[in-house]
Amino acid sequence: MDFFQAFFLGLLQGLTEFLPISSSAHLILTPAFFGWTDQGVGFDLSVHLGTLLAVVFYFREDVFGIARDGLISMGRRKVVGQGALALYLVIGTIPAGLAGLALLDLVDSTLRAVEVIFTTTLVFGILLGIADLLPKRQRTLDTLNWKDALLVGIAQAMALVPGTSRSGVTITAGLFLGMSRETASRFSFLLAIPIIVLASSVKLLEVATSDVVVDWNGFLIGGVTSFLMAITAIHFFLKWLNTVGMWPYVIYRIVLAGVIYAVLM
Numbered sequence: 001m002d003f004f005q006a007f008f009l010g011l012l013q014g015l016t017e018f019l020p021i022s023s024s025a026h027l028i029l030t031p032a033f034f035g036w037t038d039q040g041v042g043f044d045l046s047v048h049l050g051t052l053l054a055v056v057f058y059f060r061e062d063v064f065g066i067a068r069d070g071l072i073s074m075g076r077r078k079v080v081g082q083g084a085l086a087l088y089l090v091i092g093t094i095p096a097g098l099a100g101l102a103l104l105d106l107v108d109s110t111l112r113a114v115e116v117i118f119t120t121t122l123v124f125g126i127l128l129g130i131a132d133l134l135p136k137r138q139r140t141l142d143t144l145n146w147k148d149a150l151l152v153g154i155a156q157a158m159a160l161v162p163g164t165s166r167s168g169v170t171i172t173a174g175l176f177l178g179m180s181r182e183t184a185s186r187f188s189f190l191l192a193i194p195i196i197v198l199a200s201s202v203k204l205l206e207v208a209t210s211d212v213v214v215d216w217n218g219f220l221i222g223g224v225t226s227f228l229m230a231i232t233a234i235h236f237f238l239k240w241l242n243t244v245g246m247w248p249y250v251i252y253r254i255v256l257a258g259v260i261y262a263v264l265m
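Letter by letter, the sequence shown follows residues 1 to 265 of my numbering.
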């Protein structure tokens with residue numbers, strides 16, 4: 001893997017991981033467009049670690065407070081501070097964790113097909129647009145309950161299918177549940193932390209227990225680039241959220257689906 005490929009894919013992962021446009025689809029489709037060989041599990045691990053560090057760093061005060069209150073709540077056996085939110089993040093992670101264990105082989109093979117990505121990119125893009133048009137989206141993080149967390153978690157499990165977009169489908173679910181754009185987005189980003197930890201752990205185990213040769217130059221370039229790009233993407237997404245809404249991403253997904261159909265199908 002040369003410098004440009006590692007830099008470009010790291011940039012792409014950092015940009016698309018937290019925007020509702022599907023990072024997995026872009027990482028699968030880009031090599032197909034340019035005729036590149038698959039980047040390999042070692043590189044995938046590096047960009048996942050980059051985006052994980054980015055979201056933890058960006059929301060470091062929230063992460064510290066939620067983790068602290070969650071542990072205190074467990075010790076005292078009653079909700080303290082943000083202890084309920086810590087529980088909801090755990091609940092929201094369980095469906096995707098279980099689905100990942102059950103469907104990992106299917107996700108890494110059949111579901112990476114161009115036809116699947118075309119369908120999920122288009123359908124879930126339209127659903128995001130519909131959800132963004134719904135009225136009375138005013139719920140804040142303080143109003144969430146375990147049922148909300150479970151439903152968003154089930155939606156997150158659907159994002160194992162490339163093209164769905166983890167952030168896109170969880171934000172869509174949040175909007176359908178009456179959350180404000182900011183609430184749905186923040187919960188989606190916080191929910192990304194445990195699921196990226198799980199995904200990175202699986203890839204780390206695969207690297208450690210196989211004969212995979214890691215390109216350490218590509219690893220470093222991809223990881224650093226995805227980290228910097230992800231922080232930038234999160235910041236401007238939240239900054240412009242109420243101004244631009246979700247429709248620019250909806251339109252992008254529809255156009256992308258058209259390009260996929262025209263070029264790769």
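All C-beta atoms in this analysis are idealised placements derived from N, C-alpha and C, irrespective of residue type, glycine included.
In the DSSP secondary-structure assignment, Arg139 is bridged to Met179. Leu141 is the residue among Asp211, Glu206, Ser226, Leu141 whose C-alpha sits nearest the C-alpha of Ala184.
In the three-state reduction of the DSSP assignment, Lys203 falls in the helix class, which pools H, G and I. Relative to the Cα of Leu204, the nearest Cα in the group Leu49, Arg112, Gln13 belongs to Leu49. In this structure Ile126 does not touch Leu29 by the C-beta definition: roughly 19 Å separates them, more than the 8 Å allowed.
DSSP places Phe3 inside the alpha helix (DSSP H), whose first and last residues are 3-16.
The Cβ-Cβ distance between Leu238 and Leu175 does not fall below 8 Å. Annotation for Ile72: Val80 place their beta carbon closer than 6 Å to its own, counting only its chain and skipping 5 residues before and after. Inter-residue distance for Met74 and Val90 is about 13 Å (C-alpha atoms, whole angstroms).
Every unbroken stretch of the alpha helix (DSSP H) spanning 4 or more residues and falling wholly within the stretch 187-246 is given here in chain order: 216-244.
Going by DSSP, Pro31 is part of the alpha helix (DSSP H) stretching over 23-34. The C-beta separation of Thr225 from Gly14 comes to about 6 Å, placing the pair in contact by the 8 Å criterion.
Between the C-alpha atoms of Asn145 and Gly153 there is a straight-line separation of about 12 Å. Between the stretch 96-108 and the stretch 154-171 there are three or more inter-stretch CB-CB distances shorter than 8 Å, so the stretches are counted as touching.
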